[in-house]
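Student: Sharing a structure here in structure tokens format.
This is how it looks when you write it as structure tokens:
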């Protein structure tokens with residue numbers, strides 16, 4: 001039992017960020033709303049596109065675990081808004097809230113001792129909740145890093161937080 005508790009704790013830490021990972025909240029803290037639709041040079045996607053991509057992918061993973069009838073979006077077009085799509089401030093906030101809500105649902109699943117993380121997902125033999133949580137955490141981490149780098153390139157960190165960590169200099 002101790003080993004299982006330790007593993008769940010490690011998964012929670014991976015989902016929550018910290019250690020070697022910036023959190024979703026940290027990368028978006030004090031984000032200038034005037035730049036939600038800004039695209040860095042040679043990048044077809046804006047900050048909102050990246051947040052929305054995290055949202056869609058994480059939602060897809062959660063829905064895949066929960067729903068045997070779930071149909072994933074077509075890749076790649078179903079995992080991002082069109083490159084010319086723009087978001088309002090309300091859409092930006094809705095995307096952020098959805099990422100956070102689905103992340104909380106994944107964390108609740110990991111925390112629940114009634115969920116066998118290593119049992120095959122009934123409607124998807126060969127897949128486990130453990131694998132899907134790792135995919136979500138790694139995917140989120142990768143794109144959070146991209147957002148951090150985009151902020152750095154465009155000098156969009158607030159004064160006193162000028163490096164990629166988003167923490168005080």
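Numbering (full-length UniProt numbering), first residue to last: 1 to 169.
Quick reminder that beta carbons are idealized off the backbone N, C-alpha and C, glycines included.
Note that the coordinates shown come from a computational prediction; the quantities given were computed from them, not determined experimentally.
1) List the residues that DSSP assigns as beta-bridge partners of residue 18.
2) Count the other C-beta atoms from every protein chain shown that fall within 10 angstroms of the C-beta of residue 58, then say buried if there are 16 or more, exposed otherwise.
3) Check for me: the alpha helix (DSSP H) holding residue 145 runs from which residue to which?
4) Do you know how far the Cα of residue 159 is from the Cα of residue 128?
5) In chain order, which alpha helix (DSSP H) runs of at least 4 residues are fully inside the stretch 62-90?
6) According to DSSP, which residues form a beta bridge with residue 121?
7) What three-state label does DSSP hand residue 156 in the structure shown?
8) Identify whether residue 31 lies in helix, strand or coil by the three-state DSSP scheme.
9) Going straight from the alpha carbon of residue 92 to that of residue 71, what length do you get?
10) Under 7 Å Cβ to Cβ from residue 14, same chain only, skipping five residues before and after it: list those, please.
11) For residue 130 and residue 26, I'd like the C-alpha separation in whole angstroms.
Tutor: So, from the listed chains and residues:
1) DSSP, once it has assigned bridges, lists 21 as partnering residue 18.
2) So residue 58 ends up on the buried side.
3) Note, residue 145: alpha helix (DSSP H), 129-153.
4) If you take the alpha carbons of residue 128 and residue 159, they lie about 43 Å apart.
5) Whole alpha helix (DSSP H) segments, 4+ residues: zero.
6) Note: residue 121 sits in a beta bridge opposite 124.
7) Coil.
8) Note: residue 31 maps to coil in three-state DSSP.
9) So the alpha carbons of these two residues sit roughly 25 Å apart.
10) Hits under 7 Å: 137.
11) Straight-line spacing of the CA atoms in residue 130 and residue 26 works out to 25 Å.
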